[in-house]
Amino acid sequence: MKQLLETWVRRRNPHFSIHEAVPVGWLAGFAARTAGAMLRGTQLWLRGRASHGAMLGRGVSFQYLSGIRFGRWLKAGDQVRFSGLSTEGLTLGHSVSIGAFSQVIVSTSLQQPGAFIRIGHHVGIGEFAYLGGAGGLRIDDDCIIGQYFSCHPENHRYADLSTPIRQQGVTHRGIHIGPNCWIGSKVTVLDGVVLGEGCVVAAGAVVTRSFPARSVLGGVPARLLSSREPQPATPHIAELVL
(Lines of atoms letter the chains of each structure in order from A; the text may use other names.)
(Lines give C-alpha, C1' and ligand atoms only; values in the text may rest on other atoms or scores of the structure.)
Protein backbone atom coordinates (compact mmCIF):
# COMPACT_ATOMS: atom_id res chain seq x y z
CA MET A 1 0.00 0.00 0.00
CA LYS A 2 2.83 2.40 0.87
CA GLN A 3 4.42 2.10 -2.57
CA LEU A 4 1.06 2.49 -4.31
CA LEU A 5 0.23 5.65 -2.35
CA GLU A 6 3.67 7.15 -2.97
CA THR A 7 3.37 6.48 -6.68
CA TRP A 8 -0.04 8.13 -6.79
CA VAL A 9 0.85 11.22 -4.74
CA ARG A 10 4.05 11.74 -6.73
CA ARG A 11 1.89 12.50 -9.74
CA ARG A 12 1.13 15.77 -7.93
CA ASN A 13 4.26 16.08 -5.79
CA PRO A 14 7.30 14.32 -7.28
CA HIS A 15 9.28 14.66 -4.01
CA PHE A 16 6.68 12.97 -1.79
CA SER A 17 7.67 10.01 0.38
CA ILE A 18 6.01 8.34 3.36
CA HIS A 19 8.03 8.15 6.58
CA GLU A 20 8.90 4.64 7.66
CA ALA A 21 7.27 5.18 11.09
CA VAL A 22 3.78 5.77 9.63
CA PRO A 23 1.56 2.75 10.48
CA VAL A 24 -0.58 0.97 7.92
CA GLY A 25 -3.80 2.16 9.57
CA TRP A 26 -2.87 5.79 8.95
CA LEU A 27 -2.10 4.99 5.33
CA ALA A 28 -5.55 3.48 4.90
CA GLY A 29 -7.18 6.58 6.38
CA PHE A 30 -5.12 8.85 4.13
CA ALA A 31 -6.08 6.81 1.08
CA ALA A 32 -9.77 6.97 1.98
CA ARG A 33 -9.71 10.75 2.49
CA THR A 34 -7.83 11.29 -0.77
CA ALA A 35 -10.27 9.11 -2.67
CA GLY A 36 -13.20 11.04 -1.21
CA ALA A 37 -11.61 14.37 -2.17
CA MET A 38 -11.04 13.20 -5.74
CA LEU A 39 -14.59 11.90 -5.95
CA ARG A 40 -15.90 15.32 -4.93
CA GLY A 41 -13.62 16.84 -7.57
CA THR A 42 -15.27 14.80 -10.30
CA GLN A 43 -18.53 16.65 -9.58
CA LEU A 44 -17.09 19.54 -11.58
CA TRP A 45 -17.92 17.48 -14.65
CA LEU A 46 -21.60 17.97 -13.77
CA ARG A 47 -21.04 21.71 -14.28
CA GLY A 48 -19.37 21.20 -17.62
CA ARG A 49 -15.78 21.46 -16.40
CA ALA A 50 -12.96 18.91 -16.44
CA SER A 51 -11.69 18.23 -12.91
CA HIS A 52 -7.99 17.85 -13.90
CA GLY A 53 -7.53 15.66 -10.83
CA ALA A 54 -8.95 18.23 -8.40
CA MET A 55 -9.15 17.10 -4.77
CA LEU A 56 -11.88 18.99 -2.95
CA GLY A 57 -12.82 19.02 0.71
CA ARG A 58 -16.36 19.08 2.01
CA GLY A 59 -18.39 22.16 1.22
CA VAL A 60 -16.05 23.63 -1.41
CA SER A 61 -17.96 26.06 -3.63
CA PHE A 62 -17.30 27.70 -7.00
CA GLN A 63 -19.22 30.87 -7.79
CA TYR A 64 -19.12 32.40 -11.29
CA LEU A 65 -17.34 29.25 -12.44
CA SER A 66 -17.07 30.48 -16.04
CA GLY A 67 -14.57 33.08 -14.79
CA ILE A 68 -12.34 30.48 -13.07
CA ARG A 69 -9.48 28.52 -14.64
CA PHE A 70 -7.40 25.96 -12.79
CA GLY A 71 -4.58 23.58 -13.68
CA ARG A 72 -3.88 19.99 -12.73
CA TRP A 73 -4.14 18.69 -9.17
CA LEU A 74 -5.94 21.56 -7.48
CA LYS A 75 -6.32 20.80 -3.77
CA ALA A 76 -8.84 22.72 -1.65
CA GLY A 77 -9.68 22.02 1.99
CA ASP A 78 -13.11 21.98 3.59
CA GLN A 79 -15.41 24.98 3.03
CA VAL A 80 -13.09 26.84 0.64
CA ARG A 81 -14.97 29.35 -1.53
CA PHE A 82 -13.85 30.49 -4.98
CA SER A 83 -15.51 33.36 -6.83
CA GLY A 84 -14.65 34.33 -10.39
CA LEU A 85 -16.69 37.55 -10.50
CA SER A 86 -14.17 39.79 -12.25
CA THR A 87 -13.12 41.48 -15.47
CA GLU A 88 -10.03 39.29 -16.04
CA GLY A 89 -10.79 36.08 -14.17
CA LEU A 90 -9.46 33.85 -11.41
CA THR A 91 -6.57 31.63 -12.53
CA LEU A 92 -4.92 28.85 -10.52
CA GLY A 93 -1.83 27.04 -11.81
CA HIS A 94 -0.84 23.39 -11.47
CA SER A 95 -0.57 21.79 -8.01
CA VAL A 96 -2.09 24.70 -6.10
CA SER A 97 -3.18 23.96 -2.52
CA ILE A 98 -5.66 26.16 -0.62
CA GLY A 99 -6.24 25.44 3.08
CA ALA A 100 -9.63 24.85 4.68
CA PHE A 101 -12.05 27.74 5.30
CA SER A 102 -10.23 30.05 2.92
CA GLN A 103 -11.85 32.59 0.60
CA VAL A 104 -10.44 33.24 -2.89
CA ILE A 105 -12.73 35.99 -4.13
CA VAL A 106 -11.85 38.43 -6.87
CA SER A 107 -14.89 40.60 -6.17
CA THR A 108 -18.33 40.63 -4.59
CA SER A 109 -19.81 43.53 -6.56
CA LEU A 110 -21.78 43.27 -9.78
CA GLN A 111 -21.57 47.06 -10.03
CA GLN A 112 -17.74 47.08 -9.93
CA PRO A 113 -16.34 43.62 -10.66
CA GLY A 114 -12.76 43.22 -9.52
CA ALA A 115 -9.73 42.82 -11.78
CA PHE A 116 -8.15 39.37 -11.27
CA ILE A 117 -6.43 36.82 -9.09
CA ARG A 118 -3.56 34.84 -10.66
CA ILE A 119 -1.86 32.13 -8.63
CA GLY A 120 1.11 30.34 -10.20
CA HIS A 121 2.22 26.71 -10.11
CA HIS A 122 3.11 24.81 -6.92
CA VAL A 123 1.73 27.41 -4.53
CA GLY A 124 0.58 26.33 -1.07
CA ILE A 125 -1.61 28.54 1.12
CA GLY A 126 -2.69 27.63 4.67
CA GLU A 127 -6.10 27.60 6.31
CA PHE A 128 -8.36 30.64 6.81
CA ALA A 129 -6.78 32.75 4.07
CA TYR A 130 -8.60 35.65 2.44
CA LEU A 131 -7.46 36.57 -1.06
CA GLY A 132 -9.17 39.54 -2.68
CA GLY A 133 -8.54 40.64 -6.24
CA ALA A 134 -10.37 43.94 -6.66
CA GLY A 135 -7.25 45.75 -7.90
CA GLY A 136 -5.46 42.64 -9.11
CA LEU A 137 -3.57 40.02 -7.10
CA ARG A 138 -0.70 37.95 -8.50
CA ILE A 139 1.17 35.24 -6.57
CA ASP A 140 3.96 33.65 -8.59
CA ASP A 141 5.25 30.06 -8.67
CA ASP A 142 6.59 28.08 -5.69
CA CYS A 143 5.36 30.36 -2.90
CA ILE A 144 4.60 28.82 0.51
CA ILE A 145 2.20 30.77 2.70
CA GLY A 146 0.97 30.16 6.26
CA GLN A 147 -2.46 30.28 7.85
CA TYR A 148 -4.65 33.39 8.12
CA PHE A 149 -2.95 35.09 5.19
CA SER A 150 -4.85 38.06 3.76
CA CYS A 151 -4.38 40.25 0.68
CA HIS A 152 -6.33 43.46 0.07
CA PRO A 153 -5.58 45.15 -3.29
CA GLU A 154 -7.95 48.02 -2.61
CA ASN A 155 -8.10 51.12 -0.40
CA HIS A 156 -11.00 53.39 0.58
CA ARG A 157 -10.78 57.13 0.01
CA TYR A 158 -11.44 59.14 3.17
CA ALA A 159 -10.22 62.73 2.60
CA ASP A 160 -13.69 64.31 2.34
CA LEU A 161 -14.97 64.87 5.88
CA SER A 162 -18.46 65.83 4.64
CA THR A 163 -19.12 62.50 2.89
CA PRO A 164 -19.36 59.05 4.47
CA ILE A 165 -16.23 57.02 3.72
CA ARG A 166 -18.31 54.27 2.15
CA GLN A 167 -19.50 56.76 -0.51
CA GLN A 168 -16.06 58.19 -1.41
CA GLY A 169 -15.00 55.34 -3.62
CA VAL A 170 -11.84 53.27 -3.68
CA THR A 171 -8.37 53.21 -5.22
CA HIS A 172 -6.63 50.20 -6.79
CA ARG A 173 -2.92 49.61 -7.38
CA GLY A 174 -2.73 45.83 -7.10
CA ILE A 175 -0.48 43.36 -5.27
CA HIS A 176 2.31 41.23 -6.76
CA ILE A 177 4.15 38.55 -4.79
CA GLY A 178 7.15 37.20 -6.67
CA PRO A 179 8.18 33.55 -6.99
CA ASN A 180 9.69 31.40 -4.24
CA CYS A 181 8.52 33.56 -1.32
CA TRP A 182 7.95 32.18 2.17
CA ILE A 183 5.23 34.06 4.03
CA GLY A 184 4.49 33.18 7.66
CA SER A 185 1.11 32.85 9.35
CA LYS A 186 -1.18 35.83 10.01
CA VAL A 187 0.49 38.10 7.46
CA THR A 188 -1.52 40.90 5.86
CA VAL A 189 -0.48 42.47 2.56
CA LEU A 190 -2.02 45.80 1.55
CA ASP A 191 -2.66 47.47 -1.79
CA GLY A 192 0.28 48.57 -3.91
CA VAL A 193 2.80 46.10 -2.45
CA VAL A 194 5.31 44.29 -4.67
CA LEU A 195 7.48 41.61 -3.07
CA GLY A 196 10.46 40.51 -5.11
CA GLU A 197 11.59 36.94 -5.74
CA GLY A 198 12.61 34.90 -2.71
CA CYS A 199 11.35 37.20 0.06
CA VAL A 200 10.74 35.86 3.58
CA VAL A 201 7.99 37.51 5.65
CA ALA A 202 7.82 36.92 9.41
CA ALA A 203 4.59 35.77 11.03
CA GLY A 204 2.16 38.53 11.98
CA ALA A 205 3.67 41.16 9.68
CA VAL A 206 1.56 43.86 8.04
CA VAL A 207 3.19 44.67 4.71
CA THR A 208 2.36 48.22 3.63
CA ARG A 209 5.19 48.90 1.13
CA SER A 210 7.27 47.08 -1.46
CA PHE A 211 10.53 45.21 -0.84
CA PRO A 212 13.21 44.03 -3.26
CA ALA A 213 14.08 40.42 -4.06
CA ARG A 214 15.37 38.20 -1.26
CA SER A 215 14.43 40.58 1.53
CA VAL A 216 13.67 39.28 5.04
CA LEU A 217 11.00 41.45 6.64
CA GLY A 218 8.74 41.57 9.65
CA GLY A 219 6.85 43.83 12.05
CA VAL A 220 3.87 46.17 12.02
CA PRO A 221 4.29 47.89 9.68
CA ALA A 222 6.80 45.55 8.09
CA ARG A 223 10.42 46.72 7.84
CA LEU A 224 13.55 45.22 6.36
CA LEU A 225 15.28 42.88 8.82
CA SER A 226 18.00 41.47 6.61
CA SER A 227 18.78 40.33 3.10
CA ARG A 228 19.28 36.85 1.70
CA GLU A 229 21.72 38.22 -0.87
CA PRO A 230 25.25 36.79 -0.58
CA GLN A 231 27.46 39.23 1.29
CA PRO A 232 30.90 40.11 -0.11
CA ALA A 233 33.78 38.60 1.81
CA THR A 234 35.52 41.03 4.17
CA PRO A 235 39.30 41.19 3.44
CA HIS A 236 41.57 39.99 6.22
CA ILE A 237 43.44 42.78 8.02
CA ALA A 238 46.78 41.43 6.74
CA GLU A 239 45.51 41.65 3.17
CA LEU A 240 44.59 45.29 3.70
CA VAL A 241 48.09 46.09 5.00
CA LEU A 242 49.77 44.42 2.04
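Residues in the sequence shown are numbered from 1 upward in steps of one, following this note's numbering.
We put the CB at the ideal spot given by N, CA and C, even for glycine.
Small disclaimer: the values here were computed from a predicted structure and weren't measured.
Across the set 149, 170 and 69, the C-alpha of 170 shows the shortest separation from the C-alpha of residue 159.
Within 10 angstroms of the beta-carbon of residue 75 lie 16 or more other beta-carbons, which makes it buried. With contacts defined by Cβ atoms closer than 8 Å, residue 196 and residue 173 do not form a contacting pair. Our two residues, residue 207 and residue 181, have alpha carbons roughly 14 Å apart in a direct line. In the three-state reduction of the DSSP assignment, residue 7 falls in the helix class. With respect to residue 120, residue 146 sits apart: the two C-beta atoms are not nearer than 8 Å. For residue 92, the beta-bridge partners assigned by DSSP are 70 and 119.
A direct Cα-Cα distance of roughly 30 Å separates residue 88 from residue 215.
Contact check for residue 84 against residue 90 passes: the beta carbons are separated by less than 8 Å. Exclusion of the five residues before and after residue 94 leaves 71, 72, 73, 121 and 122 as the residues of its chain whose Cβ lies within less than 8 Å of its Cβ. Collapsing the DSSP output to three states places residue 132 in a strand. Residue 213 sits close to residue 178, with the two beta carbons spaced by under 8 Å. When 187, 107 and 17 are compared, the shortest CA-CA separation from residue 2 is found for 17. Between residue 124 and residue 153, the CB-CB gap reaches or exceeds 8 Å.
Beta-bridge partners of residue 85 (DSSP): none assigned.
Taking a C-beta distance under 8 Å as the contact criterion, residue 115 and residue 97 do not qualify as a contact pair. Under DSSP, residue 18 shares a beta bridge with no residue.
Membership of residue 218 in the beta strand (DSSP E) is indicated by the continuous run 215-218. For residue 124, the three-state secondary structure derived from DSSP is strand. For the set 143, 107 and 224, the Cα lying nearest the Cα of residue 67 is the one of 107. For residue 30, the uninterrupted alpha helix (DSSP H) segment begins and ends at 24-41. A check of alpha carbon separations from residue 63 across 105, 53 and 23 identifies 105 as the nearest. 5 is the residue among 11, 5 and 51 whose C-alpha sits nearest the C-alpha of residue 19. Boundaries of the beta strand (DSSP E) around residue 151: 150-152.
Contact annotation: residue 218 and residue 201 have beta-carbon atoms nearer than 8 Å.
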